[in-house]
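Contents: one structure, followed by commentary.
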Amino acid sequence: MIPFTGLELSPGKAAYLKYLSLQGGSVKISGIAGYFEVDPSTVTRTITDLTREGYVEHEPYGRVILTEFGRKYGAFLVRRHRILGLVLSHYGLSEEEACTEASRMECYLSREAVNKICRALGHPTRGFCGEICHDPLCLSGTFHGLHENVS
Numbered sequence: 100m101i102p103f104t105g106l107e108l109s110p111g112k113a114a115y116l117k118y119l120s121l122q123g124g125s126v127k128i129s130g131i132a133g134y135f136e137v138d139p140s141t142v143t144r145t146i147t148d149l150t151r152e153g154y155v156e157h158e159p160y161g162r163v164i165l166t167e168f169g170r171k172y173g174a175f176l177v178r179r180h181r182i183l184g185l186v187l188s189h190y191g192l193s194e195e196e197a198c199t200e201a202s203r204m205e206c207y208l209s210r211e212a213v214n215k216i217c218r219a220l221g222h223p224t225r226g227f228c229g230e231i232c233h234d235p236l237c238l239s240g241t242f243h244g245l246h247e248n249v250s
């Protein structure tokens, strides 16, 4: 497994990967384009990059499918969003505001920071938009830095 910090992707690529993860890991280009309200050619360029970087597999005119690494990274992106949303709601934002603001800032929060926040919150199991799946290293308390692998 390739180690990651959670800061490898641009906000746009991270948004696509998070969307794919939330959709079960398999979506057509047209579905992604429709959701993000962008031209399919824009999606194709980004998916080509994500394919080259090992996050997804895609054949022309076929579905975009998360690789094993893409699934694990996508799960992290969803977890990061949900944990950040909980933190923001603690400071008075409504669920909708917390979700919106989390989407704006989540790309700048490392995996290490997410694990520390998760531990401080007592390992919550649900965010506003769903279940929070945990990084095993966070739960065990043995997280030693940015370059640990996700099991």
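Take the position in the sequence shown, starting the count at 1, then add 99; the result is the number in the numbering used here.
Cβ coordinates follow ideal geometry from the N, Cα and C atoms, glycine included.
Pull up the distance between the alpha-carbon of VAL177 and that of ARG151, whole angstroms please. For this step, residue 177 is matched to residue 78 along the sequence shown. For this step, residue 151 is matched to residue 52 along the sequence shown. Distance between the alpha carbons of VAL177 and ARG151: 22 Å.
Cβ-based burial, ALA219 [other Cβ within 10 Å; buried from 16]: Translated into positions along the sequence shown, residue 219 becomes position 120. With a threshold of 16 other beta carbon atoms within 10 Å, ALA219 falls short and is exposed.
Could you have a look at GLU158 and say whether DSSP puts it in helix, strand or coil? On the sequence shown, position 59 is the one that residue 158 refers to. Correct three-state label for GLU158: coil.
What are the partner residues of LYS171, as DSSP defines its beta bridges? The count along the sequence shown starts at 1 and reaches residue 171 at position 72. LYS171 is not bridged to any residue.
According to DSSP, is SER125 helix, strand or coil? Translated into positions along the sequence shown, residue 125 becomes position 26. The three-state reading of DSSP puts SER125 in strand, counting E and B together.
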